[in-house]
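The structure appears below as structure tokens.
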Amino acid sequence: MPLVLWALCLGVLDTVLCSYSEDQCSWRGSGLSQESDSVEQISLHCAEGSLEWLYPAGALRLSLSPRLPTSTAAKGKSPRQVTTCIKPSSTFRGAQIYLERNGILELLLSEADASLRPRVHCFSWLPQEKVALFLQSTLHQDISRRIAAFRYELRGDWNSRLSLPSSNLSMEGACRPCNDTEILMAICTSDFVIRGNIRTVSNDVEMQESIISVSAMRIHRQKFTLFQPVGKSSKSTGSIHTLLRCGVKPGPGSFLFTAWLHFGEAWLSCAPRYKDFRRIYEDAHQAHENPCEVSLD
Numbered sequence: 001m002p003l004v005l006w007a008l009c010l011g012v013l014d015t016v017l018c019s020y021s022e023d024q025c026s027w028r029g030s031g032l033s034q035e036s037d038s039v040e041q042i043s044l045h046c047a048e049g050s051l052e053w054l055y056p057a058g059a060l061r062l063s064l065s066p067r068l069p070t071s072t073a074a075k076g077k078s079p080r081q082v083t084t085c086i087k088p089s090s091t092f093r094g095a096q097i098y099l100e101r102n103g104i105l106e107l108l109l110s111e112a113d114a115s116l117r118p119r120v121h122c123f124s125w126l127p128q129e130k131v132a133l134f135l136q137s138t139l140h141q142d143i144s145r146r147i148a149a150f151r152y153e154l155r156g157d158w159n160s161r162l163s164l165p166s167s168n169l170s171m172e173g174a175c176r177p178c179n180d181t182e183i184l185m186a187i188c189t190s191d192f193v194i195r196g197n198i199r200t201v202s203n204d205v206e207m208q209e210s211i212i213s214v215s216a217m218r219i220h221r222q223k224f225t226l227f228q229p230v231g232k233s234s235k236s237t238g239s240i241h242t243l244l245r246c247g248v249k250p251g252p253g254s255f256l257f258t259a260w261l262h263f264g265e266a267w268l269s270c271a272p273r274y275k276d277f278r279r280i281y282e283d284a285h286q287a288h289e290n291p292c293e294v295s296l297d
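So for the sequence shown, this note's numbering puts the first residue at 1; every next one is plus one.
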């Protein structure tokens, strides 16, 4: 059971619930007891979490000051930048979200955009910058059934190698093949490392995503069990997402897929052919330049 930490949330105790676990925080509150011109301050010190604001009134200010997982940054060093992603619920209503960066507000998600097509929105910021999410309630005569809810993720050093479905995060270089150094680092740090074959590739034009169906020959690592055996076959299958504009197509041979967990889905980082990975890994091993050890077949 998560530990309830009231100290992380400011507000009226009978309307605010703040839950905390080792990895995730959640805040749940109501605007019924909030003045229309008030701003409630919230601070959740987790890299992942959720917020649910019932009957929005006034405004909320969510400060972003997470204790980032050590795996997301180089050992002993602070991340060069932090990437934050928010995913609104399919029923997001009653508010719009602004990014507050060094005191300046920038509209991140309008109520209209959220109701048309909920999608992930990402942005990056430097550790020394003062950043917060500012939720402003919108005026409605009937506030019933209006809930502004979203999930968030923060990661250190999420770079251009990770393809995320967001138009407001720079994706320069996301579709180019990984170089040797990026491949070796991805093998060591990714949430998923899967050797397998491409079964099919399906495209979702509306979400601007491609979904790669993979038949796994060997699972080196998976943070959560997204690849599972199907039927009587001993092989596991699963899906990895990437950007539609990367133009991924089915191809013969085996690949080594590396991916990050993103709102419960695997998102592609690097995917060299397995024979190329072996050559890169063995060359680095001979030169004593491997950042980690991997079992080869």
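Don't be surprised by glycine CBs; every beta carbon is placed ideally from N, CA and C.
Query                                                                                                                        : Result
For TYR55, the three-state DSSP class (helix, strand or coil)                                                                : coil
Secondary structure of SER26, DSSP reduced to three states                                                                   : strand
Contact check, ILE194 vs THR242, beta carbons under 8 Å                                                                      : no
Residue range of the alpha helix (DSSP H) that includes PHE277                                                               : 274-286
Per-residue DSSP class, three states only, for ARG146                                                                        : coil
Residues near GLN352 in its chain [Cβ-Cβ closer than 7 Å; skip 5 each side]                                                  : The displayed coordinates of the chain run from 1 to 297. Any statement about residue 352 would go beyond what the structure contains.
Three or more C-beta pairs below 8 Å linking the region 89-100 and the region 147-156                                        : yes
Beta-carbon contacts of ASN290 that lie in its chain and below 6 Å, excluding the five residues immediately before and after : ALA284
C-alpha gap between LEU169 and MET207, whole angstroms                                                                       : Only weak support is given to the placement of LEU169: the predicted model assigns it a pLDDT of 47, under 50, and the value that follows is read from those uncertain coordinates. The straight-line gap from Cα to Cα measures roughly 15 Å.
Exposure label - PRO252; buried when at least 16 CB within 10 Å                                                              : exposed
For SER167, three-class secondary structure by DSSP                                                                          : Residue confidence for SER167 is low, a pLDDT of 45 falling below 50, so the modelled location carries little weight; the figure read from the coordinates is stated next. Here SER167 sits in coil by DSSP.
Assigned secondary structure, SER210 (DSSP; H/G/I helix, E/B strand, else coil)                                              : strand
For CYS292, the nearest candidate out of THR181, SER239, SER115 (CA to CA)                                                   : THR181
Pair within 8 Å by beta-carbon distance, VAL131 and ARG176                                                                   : no
CB-CB length for LEU54 against LEU62, believed under 8 Å                                                                     : LEU54 to LEU62, Cβ: 16 Å. No contact.
Where GLU40 falls: helix, strand or coil (DSSP)                                                                              : strand
Burial state of GLN222, where buried means 16 or more other Cβ atoms lie within 10 Å                                         : buried
ILE366, buried or exposed, once every other Cβ within 10 Å from all chains shown has been counted against 16                 : Nothing about residue 366 can be read from this structure; the chain reaches only from 1 to 297.
Reduced DSSP category for GLU182 - H, G, I as helix; E, B as strand; rest coil                                               : helix
Nonlocal neighbours in the same chain, by C-beta distance under 7 Å from SER36, ignoring five residues either side           : ALA57, GLY58
Contact belief for GLU111 with GLN96 at Cβ below 8 Å, rounded distance in angstroms                                          : 5 Å
Neighbour-count burial assignment, VAL205, 16 or more Cβ in a 10 Å radius                                                    : exposed
Beta-carbon gap between SER210 and LEU261 smaller than 8 Å                                                                   : no
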